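Protein chains in written order, with this note's numbering: chain A, 1 to 333; chain B, 334 to 651. What follows is a set of notes on a single structure, which appears directly below.
And the structure:
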């Protein structure tokens, strides 16, 4: 397909996740995830609450807390296995190589410290830099995200939610990381503010050239911003494709259902079906394909297919270059 | 006849401390009617006053001025406990958080029996059967099994269905739904919206659907009201308002959700403190003229029940 060929073919892989399995106690939140992020690429990771998308992000940042633990799999950043890093190396790796913006990041700021001082702390933890220089850089960064540089003197409570989220984005940029993880960065914000922030973020990405892992439940947002999208369901990636391909020809029934869950703002007003049922309880994941209890194409009529759907886990297979799907229906075709 | 009609509803709150004489104009001069078997969407961003409207309608707050016409009387002036109780059984509310609105130590059955008993909807012997009917109506089957469950045993979508069943128990004429899907997973939101559509058709309920999501408003509503800083800035049939928006704020919202570039000054939709005369959107408006700074525009009908509060796009004397 032409769209695949036109997709930016960036040379180097920045981050490589292989066979990642993460458990919280006995609950397997992430079950065998593979994910590549190339330099300068925007990868979207979409899924509903509890599908494991934030756990993937937290594992990349190496900030999992017990009872969460990595059972197997590896994460390499520019060829280095993160599991081999010492605590000190990891401390430097965060912010400097990879930084992260959370959904509730606006609450991540220390309420009793001026914004500027929080930049100073962060920068001085990573490099030898004077207070005055850090504040100057903080001011310049704030201007880059659409704030006034004088806001280094503000306390977080003096800023609106959108402004605080901008401060966090400025901090994430401060040490020029190669990868920024956005975990539902604008979900708590109003639509207009959300749009403004994403616009500015795109411009920043253009100038700074970092790669982005954009995690959200809002697939429509990813169709717009991401180069490539991975869809997660119940701890697994069920489909991944370049954004235009996913928008036009989604193959996994879950992806199709997800796309059919957003009512359109234009065109005919038709009844949508969404997806019946609810995401599974990961303490007892469904047998076979984890989506089969909700899948409109899983019916006992076709006995052979039904048996596979309910007992055998489908594996991700490349259907066309760059388009991977884990579904018995597609395999059979 | 309208199920409920709001006229010139206004609510101001005093500021605290040294500013105690200043007042926040949370809801300012809002009028609309809810019709049986129709969904009216009330959209706006955080702080725009949309939830305050819902609280005024449920009598959680008393309005500063204005009337709420219901059943031939002014519901805002009801004082007797019995009258208020009756009004509240006719005007039910569904909340955003299906986790917080159900009692965690009580079964589903308890939640549905309570309103039936308090409002004496059916004879005692019929209660069990009615509980099962309600659960089937909202798509929770098998009802006997669901009725015995506790909230934590249900998914978010199921809990919201229980909350809807509870609202239906007393056979209300009006249901106020305040962001009923925003805390639910994407894939199950449509199911809840479809349930509301089914109920308005089958039970002739008048719905007020409060949301910040224009797309879902278009999906289920017949009419729409757009609020900004406490005022309704545009209202009318949903296809007209979203298809040919008049107010620059409605246009801005649509641009943002369409994924087009938004321009212009940043600002907030929050309620204003002692707002001066003039349009509240003026600082962000690309169309502003002198009059916008001086006089507050009125809602002007431009045709087919479509009105907007804008000196430029809906002038009072064209």
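Glycine included, every Cβ here is placed at the ideal spot set by N, Cα and C. Note that the coordinates shown come from a computational prediction; the quantities given were computed from them, not determined experimentally.
Starting from residue i, find everything on chain A with Cβ-Cβ shorter than 7 Å and list it in chain order.
i: residue 524 of chain B; result: 274
i: residue 590 of chain B; result: 191, 265
i: residue 379 of chain B; result: 190
i: residue 599 of chain B; result: 196
i: residue 575 of chain B; result: 265
Taking the straight line between their C-alpha atoms, what separation do you get for residue i and residue j?
i: residue 3 of chain A; j: residue 240 of chain A; result: Here residue 3 of chain A scores only 40 on pLDDT, less than 50, and its place in the model is too uncertain to base an answer on.
i: residue 642 of chain B; j: residue 177 of chain A; result: 47 Å
i: residue 392 of chain B; j: residue 561 of chain B; result: 22 Å
i: residue 37 of chain A; j: residue 228 of chain A; result: 9 Å
i: residue 476 of chain B; j: residue 363 of chain B; result: 41 Å
i: residue 285 of chain A; j: residue 482 of chain B; result: 21 Å
i: residue 274 of chain A; j: residue 175 of chain A; result: 42 Å
i: residue 145 of chain A; j: residue 119 of chain A; result: 14 Å
i: residue 242 of chain A; j: residue 624 of chain B; result: 50 Å
i: residue 518 of chain B; j: residue 54 of chain A; result: 15 Å
i: residue 44 of chain A; j: residue 103 of chain A; result: 15 Å
i: residue 84 of chain A; j: residue 502 of chain B; result: 60 Å
i: residue 81 of chain A; j: residue 97 of chain A; result: 14 Å
i: residue 369 of chain B; j: residue 49 of chain A; result: 36 Å
i: residue 533 of chain B; j: residue 439 of chain B; result: 29 Å
i: residue 571 of chain B; j: residue 596 of chain B; result: 25 Å
i: residue 270 of chain A; j: residue 522 of chain B; result: 15 Å
i: residue 542 of chain B; j: residue 445 of chain B; result: 22 Å
i: residue 255 of chain A; j: residue 114 of chain A; result: 44 Å
i: residue 290 of chain A; j: residue 647 of chain B; result: 54 Å
i: residue 29 of chain A; j: residue 303 of chain A; result: 31 Å
Could you check if residue i is buried or exposed, using at least 16 other CB atoms within 10 Å of its CB as the buried criterion?
i: residue 206 of chain A; result: exposed
i: residue 395 of chain B; result: exposed
i: residue 451 of chain B; result: exposed
i: residue 594 of chain B; result: exposed
i: residue 347 of chain A; result: Nothing can be reported for residue 347 of chain A, as the shown portion of chain A is limited to 1 through 333.
i: residue 417 of chain B; result: exposed
i: residue 459 of chain B; result: exposed
i: residue 307 of chain A; result: exposed
i: residue 327 of chain A; result: buried
i: residue 607 of chain B; result: exposed
i: residue 268 of chain A; result: exposed
i: residue 457 of chain B; result: exposed
Quick one: residues in its chain with C-beta nearer than 8 Å to the C-beta of residue i, no 5 flanking neighbours on either side, listed in chain order?
i: residue 474 of chain B; result: 468
Name the residue from the options whose alpha carbon lies nearest to the alpha carbon of residue i.
i: residue 108 of chain A; options: A:258, A:155, A:226, A:277; result: A:155
i: residue 181 of chain A; options: A:62, A:259, A:141; result: A:62
i: residue 153 of chain A; options: A:142, A:169, A:300, A:129; result: A:142
i: residue 99 of chain A; options: A:86, A:27, A:59; result: A:59
i: residue 334 of chain B; options: B:541, B:371, B:606, B:400; result: B:371
i: residue 259 of chain A; options: A:188, A:270, A:246; result: A:246
i: residue 491 of chain B; options: B:528, B:457, B:503, B:458; result: B:528
i: residue 94 of chain A; options: A:18, A:150, A:171, A:287; result: A:171
i: residue 489 of chain B; options: B:516, B:419, B:367; result: B:516
i: residue 431 of chain B; options: B:415, B:410, B:406, B:487; result: B:487
i: residue 313 of chain A; options: A:125, A:323, A:233; result: A:233
i: residue 639 of chain B; options: B:434, B:583, B:496, B:338; result: B:583
At 8 Å on the CB atoms, spell out the chain A contacts of residue i, in chain order.
i: residue 548 of chain B; result: 262, 263, 264, 265
i: residue 565 of chain B; result: Result: empty, since nearest Cβ-Cβ is about 18 Å, beyond 8 Å.
i: residue 552 of chain B; result: 263, 269, 272
Here's a check: name, in chain order, each residue in its chain whose Cβ is nearer than 7 Å to the Cβ of residue i, leaving out the five neighbours to either side.
i: residue 31 of chain A; result: 21, 235, 236
i: residue 462 of chain B; result: none
i: residue 604 of chain B; result: 357, 358, 359, 380, 382, 562, 563
i: residue 629 of chain B; result: 610, 611, 612
i: residue 346 of chain B; result: 356, 357, 359
i: residue 384 of chain B; result: 511, 543
Could you work out which residues of chain B lie near residue i, taking near to mean beta carbons separated by less than 8 Å?
i: residue 279 of chain A; result: 488, 518, 520
i: residue 217 of chain A; result: 518, 519
i: residue 99 of chain A; result: Residues of chain B passing the Cβ test: none, with the nearest at roughly 24 Å.
For residue i, which residues in chain B fall below 9 Å Cβ to Cβ?
i: residue 199 of chain A; result: 594, 595
i: residue 224 of chain A; result: 592
i: residue 48 of chain A; result: 518, 519, 520, 521
Beta-carbon within less than 6 Å of residue i's beta-carbon, same chain only, minus the 5 sequence neighbours each way: which residues are those?
i: residue 425 of chain B; result: 500, 505, 508
i: residue 644 of chain B; result: 624, 625, 630
i: residue 238 of chain A; result: 231, 252, 254, 326
In chain A, what lies closer than 9 Å to residue i by C-beta?
i: residue 485 of chain B; result: Within 9 Å Cβ-Cβ: nothing; residue 485 of chain B doesn't reach chain A, min ~12 Å.
i: residue 528 of chain B; result: Per Cβ cutoff of 9 Å: no residues; residue 528 of chain B is ~11 Å from chain A at best.
i: residue 545 of chain B; result: 190, 191
i: residue 602 of chain B; result: 190, 192
So with CB distances below 7 Å, who are the chain B contacts of residue i?
i: residue 257 of chain A; result: 520
i: residue 154 of chain A; result: Residues of chain B passing the Cβ test: none, with the nearest at roughly 16 Å.
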